[in-house]
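Report on the following structure.
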Amino acid sequence: MTNKYYEPKYLRGVIGKIAPLRLFFRQRFFSEGVTFPTESVSFEFAANKRLLLPYANVRAGAVPVDREGYQLKTFTPPLLSGSRTITPDTLATKMFGESPYNSGMTPDERAARIAANDLMELQDALYRKEEYMCARVKQDGKLSIEGHGVSAEVDYGFDQIESVKAADKWTVNYDILGKLAKTARELRKHGVNPDMLIVGADVSEALSLNEGVLKLRHDQFVKIPDPASLEDGITYLMQIRAPGLYLNVYEYNEYYTDEAGNLVPLIDAGTAIMMSSRERNLMLYGAVTYIDSRTRDYATEMAEYVPYVITEEDPPSRKLVVSSRCLPMPRDVNSWYVLKNLV
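Under the numbering used here, the residue at position 298 of the sequence shown is numbered 298, and the numbers go up by one with no gaps.
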């Protein structure tokens, strides 16, 4: 008889009850998910040209005004998929935290507990991957996808990125405030009023040591709060109020473990991202196809995250899989500006 606890419908319900990790970019700026019935997803880009209606001669009539065009791009997100396998050997070994003697847990109970823990860890890894993807899009304006037999790149057409020259490094006497004001003016040309600067660790230190910033602090134009680590791995550094500037500055402290086992910061140490705190983007999800272990036939799920089970009888094993075809999509590629190699 089929165990209902391993049916995809039940597993999706379990995922829905798992509290997601505190993921700054994913939750704040890419929180709206859109699912597609196909593996491919489509997204549109439109440039706001901020046209003015022309004057017209009363005898000639209205002046024709061109419609603003847009680009439609289609991409098939590569499959994100991870699994954990439960075998008889797994059930014979006590779980972490379980009493080594007479715990009273039956093999069936242990299997259910192991499956629940595996599901949580797989889902957490998927959430972290989404956060990584969103962070790379905000830093690079594109997404490089490299994996097991997968190599692709999603180019969003973002060009507001600057790798500074040696003369523009953020030293103690560099005009950081002037550079930030100039960057803010570039964003305002596209109708964006930036109020947020997200920086890496080295840029955070450069700001705290810069003479111009320290002078503003002395003149009380820079508000330095008591050190306080906020949710989502964010530390609030300061509020800069100067001609042409009103920015809340944050350092993002979140890390991930790469394939070599090294801890890597999600925000590059020498990078700064200027944007609006009101920016909202999308996460697109293509459909996932798998073989349903109950019917032994193909099934396609139109969902953000698709958990399912693969059962083998000889040798006996049960593999729990969590899959997704996700892709971050900025609504407006002119809504943020990136400064790299500042330090």
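Beta carbons: idealized from backbone N, C-alpha and C, even for Gly.
| Query | Result |
| --- | --- |
| Look up Phe43 in the DSSP assignment and say whether it is helix, strand or coil. | strand |
| If contacts are defined as beta-carbon pairs under 8 Å, then Tyr252 and Ile267 qualify, I think. What distance do you get, rounded to the angstrom? | 4 Å |
| DSSP three-state call for Ile310: helix, strand or coil? | strand |
| Leaving out the 5 sequence neighbours to the left and right, which residues in its chain are closer than 6 Å to Met302 when beta-carbon positions are compared? | Thr35, Pro37 and Ala287 |
| Is it true that the CB of Thr235 sits closer than 9 Å to the CB of Ser277? | no |
| If Leu21 sits next to Arg113, beta carbons under 8 Å apart, how far is it from one beta carbon to the other, in whole angstroms? | Contact doesn't hold; Cβ gap of about 21 Å is too wide. |
| For the region 290–299 against the region 53–61, are there 3 or more C-beta pairs whose distance is under 8 Å? | no |
| Return the CA-CA distance between Pro307 and Val322, expressed in angstroms with no decimal places. | 4 Å |
| Mind checking Lys244: buried by the 16 CB within 10 Å criterion, or exposed? | Checking the sequence shown, residue 244 turns out to be Gly, not Lys. Exposed is the call here. |
| Could you tell me the alpha carbon to alpha carbon distance between Thr87 and Phe25, rounded to whole angstroms? | 37 Å |
| Got a sec: does the ligand GDP put a non-hydrogen atom nearer than 8 Å to the Cβ of Val154? | Although the ligand GDP was asked about, the structure shown includes no ligands whatsoever. |
| In angstroms, rounded to a whole number, what distance separates the CA positions of Asn193 and Lys215? | 25 Å |
| Under a three-way DSSP split, which group does Thr87 fall into? | coil |
| Between Ile198 and Met274, what straight-line distance do the alpha-carbon atoms span, to the nearest angstrom? | 7 Å |
| CB-CB under 6 Å to Ile145, same chain, minus the five flanking residues each way: which ones, in chain order? | Pro78 and Ala152 |
| May I ask you to report which of helix, strand or coil DSSP gives Lys319? | strand |
| Using a Cβ-Cβ cutoff of less than 8 Å, which residues in the same chain neighbour Thr2 once the five nearest sequence positions on both sides are dropped? | At Thr2 the pLDDT is 49, less than 50, meaning the model places this residue with poor confidence; the figure from the coordinates comes in the next sentence. Here the set comprises Arg294. |
| With 16 other CB atoms within 10 Å as the buried threshold, where does Leu53 fall? | exposed |
| Between Arg185 and Met196, what straight-line distance do the alpha-carbon atoms span, to the nearest angstrom? | 14 Å |
| Is it a yes or a no for the region 132–145 touching the region 172–183, going by three-plus beta-carbon pairs under 8 Å? | no |
| Secondary structure at Phe25, three-state DSSP: helix, strand or coil? | helix |
| By DSSP, does Asp159 sit in helix, in strand, or in coil? | coil |
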